[in-house]
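In what follows, a structure is listed as structure tokens, so that the remarks can point back to it.
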Amino acid sequence: MTTDSPLRVAVTMRARESPSWHQAVVDAVRQNDGVHITSQGDTADVVIDLLRVQPKYQPRFGVWRYGFGDGPPLADGAAGTYARLYRVTPDPARGVVLHDGWYRARTTEAWGTTSVGDRVAPWAARALRQIQLGDHTLVGRAPQSMRGCSDPNPPAPPPLGVAGAVSIAAIDTLRSWFVRPRWTIGIVPLTIDDIMQRGALPEPAWLAGQPTDRFYADPFPVADCGDRTRVLVEEYVYPSRIKRLAEIEIGRSGELRRRCDRSTLPRPASYPFLLRRDGRLFCMPETSGSGRVSAFVSDDGGGSWAPYRDLLTGFAVVDATLVEHDERWWMFCTKQGDEDQTELYVFFASDWAGPWQPHPLNPVKSDTRSSRPAGACFRIGDDLYRPAQNCARRYGAGLAINRVVELSPTAFREEPVLSLRPSESSPWPHGMHTINSIGGVTIVDGLRVEPRITR
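In terms of our numbering, the sequence shown opens at residue 104 and continues consecutively.
This is the structure:
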């Protein structure tokens, strides 16, 4: 049940010289229909306390604060910031977490979030919207320890200026002269259910015979053919910088049996998500530069493809992943831009072909460790699982398997239950960012950052 009466919100902040993200909090709240900002805290339903001055009164939905902490302890040492929006409780060491997230810091291996404050500023407005949609249990969850996430302000954005931005770009360019990311495909003779039960991924049989002038990534299996598997992949050719989709056949021992073009699919393209419906095979590749998600259909099991229809337009979708759940269709994705490895978006529809509606809490999640899609969702028993990339250290460094706890047109929650990363002794030790199963095998990809010039 939605909240019909306007929510009255008071905000404690300095009248002058407030951090810019404080004003961004207020601006985001003001954009919520049905929310009234009041200067009379004793009549407020919520107090957003940005100054840490405990009010003398207790609003109906509580006093809310932001907390920040050092991210590495929560990401195997990767540099970043952990952030929370929480409701204050009588115990100052504990709070009711309303929303949280993890943002990567800039390192020599990857870019980072420029201003954490600007990214978390809309969280208060998001929580208010959740209450307006009828989720009053949000503020009544069990309190959690605030240890390690109690700083009132996020880390200051680096004062880059023009010179700083140029130097970062120069460093990135120099790095690209000497090293390059090289992806390949691996096959494991286990189902994804087996992997979940084991809690680990055995070393895959890696693709043998991959041409040296290209990489293969984003594997989606087309068919299990007994002693081999047909897989649709992203193919990137280094000399021409062509990014396209191709089909390869992989033997059980990893040998490359065959490779063929899929020129009727769009280019540039990657992440060829596959959906089987009514005896037909559909592909929704990632073409974020086009600002749309388009479906292509094959009536011969993936041998040829034809345009079917646009599913979503006007949104720069990255890695669209569809699943049917509770009599609705859901699309998970990120949005092309600075936070396309961190912020998760959800759309829903009554039919997989649309029309699609944006979730009112978008972005529903902000966590570089487990947001960006990494393969098709799957079920074990009654539970729905969503593979995601762990980009805390670098893009595609590993996989996080999330269990979806709550998924509805007004709410979303998931929790990571398994982390999968390549072994340091693996020939492909630097990353893994897609996982899919078919028949009795699981297909993954692997990353090796290798020198461009070898002796």
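All C-beta atoms in this analysis are idealised placements derived from N, C-alpha and C, irrespective of residue type, glycine included.
Pick out whichever of the options has its Cα sitting closest to the Cα of residue i.
{"i": "R347", "options": "M387, R370, D327, V544", "result": "R370"}
{"i": "I295", "options": "D548, P554, G542", "result": "G542"}
{"i": "E350", "options": "D330, L293, A326", "result": "A326"}
{"i": "M535", "options": "L510, R285, L153", "result": "R285"}
{"i": "P193", "options": "E120, I140, Q247", "result": "Q247"}
{"i": "V138", "options": "A230, V508, I288, R475", "result": "A230"}
{"i": "V199", "options": "R168, A178, G174", "result": "R168"}
{"i": "A208", "options": "S473, G174, G354", "result": "G174"}
{"i": "S474", "options": "L487, G499, D486", "result": "G499"}
{"i": "D612", "options": "D413, S253, R516, Y488", "result": "Within the shown structure, residues of the chain are numbered from 104 to 558, placing residue 612 beyond reach of any answer."}
{"i": "A303", "options": "A127, R506, L502", "result": "L502"}
{"i": "I298", "options": "R355, Y339, Y488, A228", "result": "Y488"}
{"i": "Q126", "options": "S393, G180, Y206, A228", "result": "A228"}
{"i": "G180", "options": "R163, P158, T210", "result": "T210"}
{"i": "G220", "options": "T141, K159, A131", "result": "A131"}
Where DSSP assigns a beta bridge to residue i, which residues make up the other side?
{"i": "R317", "result": "V340"}
{"i": "P461", "result": "F450"}
{"i": "E518", "result": "R506"}
{"i": "D173", "result": "T184"}
{"i": "H125", "result": "Partner(s): none; H125 has no beta bridge."}
{"i": "Y189", "result": "R168, V200"}
{"i": "V539", "result": "Residue identity differs from the one stated: residue 539 is Asn in this sequence, not Val. N539 pairs with I546."}
{"i": "T115", "result": "D152"}
{"i": "G501", "result": "N493"}
{"i": "F435", "result": "T424, V449"}
{"i": "P284", "result": "V552"}
{"i": "F481", "result": "Y488"}
To the nearest angstrom, how far is the alpha carbon of residue i from that of residue j?
{"i": "R482", "j": "R524", "result": "21 angstroms"}
{"i": "W531", "j": "E212", "result": "17 angstroms"}
{"i": "Y448", "j": "R301", "result": "30 angstroms"}
{"i": "K468", "j": "P225", "result": "12 angstroms"}
{"i": "F281", "j": "E553", "result": "8 angstroms"}
{"i": "L378", "j": "C386", "result": "6 angstroms"}
{"i": "Y189", "j": "T216", "result": "22 angstroms"}
{"i": "Q161", "j": "P176", "result": "34 angstroms"}
{"i": "T416", "j": "V156", "result": "45 angstroms"}
{"i": "V421", "j": "W124", "result": "27 angstroms"}
{"i": "G251", "j": "A456", "result": "44 angstroms"}
{"i": "T390", "j": "T315", "result": "25 angstroms"}
{"i": "G484", "j": "V426", "result": "16 angstroms"}
{"i": "Q235", "j": "A491", "result": "29 angstroms"}
{"i": "A308", "j": "R331", "result": "12 angstroms"}
{"i": "P255", "j": "H202", "result": "15 angstroms"}
{"i": "V269", "j": "A118", "result": "Low local confidence applies: a pLDDT of 48 at V269 is under 50, so the model's placement there is unreliable, with the coordinate-based value given in what follows. In a straight line, the C-alpha of V269 is about 35 angstroms away from that of A118."}
{"i": "T287", "j": "Q313", "result": "8 angstroms"}
{"i": "R283", "j": "Q143", "result": "58 angstroms"}
{"i": "D152", "j": "G204", "result": "19 angstroms"}
{"i": "A372", "j": "G172", "result": "37 angstroms"}
{"i": "D381", "j": "T115", "result": "56 angstroms"}
{"i": "T513", "j": "P375", "result": "29 angstroms"}
{"i": "L521", "j": "E306", "result": "16 angstroms"}
{"i": "P388", "j": "A495", "result": "25 angstroms"}
{"i": "N135", "j": "N493", "result": "32 angstroms"}
{"i": "A266", "j": "P260", "result": "With a pLDDT of only 49 at A266, under the threshold of 50, the placement of this residue in the model should not be trusted, and no figure is reported."}
{"i": "D429", "j": "V242", "result": "26 angstroms"}
{"i": "P476", "j": "M434", "result": "10 angstroms"}
{"i": "R133", "j": "S253", "result": "26 angstroms"}
{"i": "G170", "j": "R365", "result": "49 angstroms"}
{"i": "H533", "j": "R551", "result": "5 angstroms"}
{"i": "V400", "j": "F418", "result": "22 angstroms"}
{"i": "S121", "j": "S218", "result": "15 angstroms"}
{"i": "G329", "j": "R383", "result": "21 angstroms"}
{"i": "V507", "j": "P466", "result": "16 angstroms"}
Rounded to the nearest angstrom, how far is the Cβ of residue i from that of residue j, given a contact under 8 angstroms?
{"i": "I290", "j": "I504", "result": "Not really, about 19 angstroms apart at Cβ, beyond 8 angstroms."}
{"i": "S526", "j": "G549", "result": "Not a contact, Cβ separation roughly 10 angstroms."}
{"i": "P458", "j": "A452", "result": "6 angstroms"}
{"i": "A320", "j": "T537", "result": "7 angstroms"}
{"i": "T424", "j": "C436", "result": "7 angstroms"}
{"i": "E442", "j": "R187", "result": "E442 to R187, Cβ: 18 angstroms. No contact."}
{"i": "Y341", "j": "R361", "result": "Y341 to R361, Cβ: 22 angstroms. No contact."}
{"i": "M249", "j": "A178", "result": "Wrong, their Cβ atoms sit about 18 angstroms apart, outside the cutoff."}
{"i": "P410", "j": "R232", "result": "Not confirmed; about 37 angstroms, so no contact."}
{"i": "R431", "j": "D413", "result": "In fact, because the Cβ distance is near 20 angstroms, the residues do not count as touching under 8 angstroms."}
{"i": "N539", "j": "P292", "result": "At roughly 15 angstroms, the Cβ-Cβ gap does not stay under 8 angstroms, so N539 and P292 are not in contact."}
{"i": "E358", "j": "A311", "result": "5 angstroms"}
{"i": "V129", "j": "G165", "result": "Not confirmed; about 18 angstroms, so no contact."}
task: Determine, using beta-carbon pairs with one atom in the stretch 393-413 and one in the stretch 318-338, whether at least three such pairs fall under 8 angstroms.
output: yes
- request: Check whether the stretch 106-124 touches the stretch 137-157, counting contact only when three or more Cβ pairs, one atom from each stretch, lie closer than 8 angstroms.
  value: yes
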